[in-house]
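According to our numbering, the sequence shown is numbered sequentially starting from 1462. Note that the Cβ used here is the ideal one computed from N, Cα and C, for glycine as well. Values in this document were obtained by computation on a predicted structure and should not be read as measured data.
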Amino acid sequence: MKAPKSISIGVRRSMQSNKSSRTLPELLLSRLIGKEIVRSDLPGHPDFVFPRKKVVVFMHGCFWHRCPVCDFSLPKSNRPYWAAKFESNKERDRSVKQRLESMGWRVVEVWEHELREDPIGVRNSVLAMRSPVIQKTRT
Ligand SMILES: [Zn+2]
1462 MKAPKSISIG VRRSMQSNKS SRTLPELLLS RLIGKEIVRS DLPGHPDFVF
1512 PRKKVVVFMH GCFWHRCPVC DFSLPKSNRP YWAAKFESNK ERDRSVKQRL
1562 ESMGWRVVEV WEHELREDPI GVRNSVLAMR SPVIQKTRT
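Listed below in structure tokens is the structure:
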């Protein structure tokens, strides 16, 4: 017979492990592009890695990564704390991207709202990044 206590510990444990590794948008994107979420050793731990094409994909939550489109306002309490925290989040995103690009990776950043509004478009642009034909940069 199981005591309720042990059940709740098990639930908490699984919630913690989910929380640390994957979010709902990440899971959705994973299904859309048919790619497992990885825990890579690359800078910033990209959510998806296409090693042969040297493409990495980050799934950015609009709130935590301060999406310029959604433009969430700061939480009402502890504003200086949140302002500093978000600034450091953005700074980290920038430096991670630079480091990856200097290592020869192409970086795709998918915003949570893009996934919500246009999942097929997101999927297509991620998959297009993988293929060699997308180099449409004008010279
Ligand atoms: Zn957004």
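Closest by C-alpha distance to residue i, when choosing among the options
i, options, result
"V1568", "V1499, E1497 and P1507", "P1507"
"A1589", "L1489, E1487, L1503 and K1515", "K1515"
"F1524", "V1517, G1505, K1546 and I1494", "K1546"
"R1553", "P1504, L1489 and W1566", "P1504"
Which of helix, strand or coil DSSP assigns to residue i
i, result
"E1497", "coil"
"H1526", "coil"
"R1540", "helix"
"H1506", "coil"
Residue i: CB within 7 Å of a non-hydrogen atom of ligand 1
i, result
"W1543", "no"
"E1573", "yes"
"V1557", "no"
Rounded straight-line distance, which links the Cα of residue j to that of residue i
i, j, result
"R1527", "K1558", "16 Å"
"K1551", "I1581", "27 Å"
"L1485", "F1519", "14 Å"
"R1473", "R1500", "Its pLDDT being 49, under 50, R1473 is placed unreliably in this model, and the coordinates cannot settle the point."
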